[in-house]
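Residues 27 to 114 in the numbering used here are what the sequence shown spells out, letter by letter.
The beta carbon of each residue, even a glycine, is placed where N, CA and C say it ideally should be.
All values reported here derive from a predicted model rather than from experimental measurement.
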Amino acid sequence: MSNEETRGIGFFQKYLTIWVALCMIVGVFIGKFVPGIPAFLNQFEYAKVSIPTAVLIWVMIYPMMMKVDFKSIKNVGKNPKGLYVTWV
């Protein structure tokens, strides 16, 4: 076992709920008291999709995509229950 596996969750992960709530509160206050920032970000839109939001979601999802074990995909036919659950 590596040191990282035995260490447990870190400070950021431990208080993730607090960080999310804090970011939501800050976002509401920015929208309320500094309306120029959301107005500026709304200019960057293509086909009614916010480009800054799309980029940030991609940055958030990309690391998880890189942890996919692509070699295990060939074995998906042996136990397809997981696929059925995601398709339903």
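Three-way DSSP call (helix, strand, coil) for residue i in this model
{"i": "Tyr88", "result": "helix"}
{"i": "Val75", "result": "strand"}
Nearest-angstrom Cα separation, counted from residue j out to residue i
{"i": "Val85", "j": "Val94", "result": "16 Å"}
{"i": "Lys74", "j": "Lys104", "result": "41 Å"}
{"i": "Val102", "j": "Ile63", "result": "46 Å"}
{"i": "Ile99", "j": "Phe66", "result": "43 Å"}
{"i": "Trp113", "j": "Pro106", "result": "11 Å"}
{"i": "Met90", "j": "Ala47", "result": "22 Å"}
{"i": "Gln39", "j": "Met92", "result": "20 Å"}
{"i": "Lys58", "j": "Gly36", "result": "33 Å"}
Contact set for residue i: own chain, Cβ-Cβ below 6 Å, skip 5 residues either direction
{"i": "Pro78", "result": "Leu67 and Phe70"}
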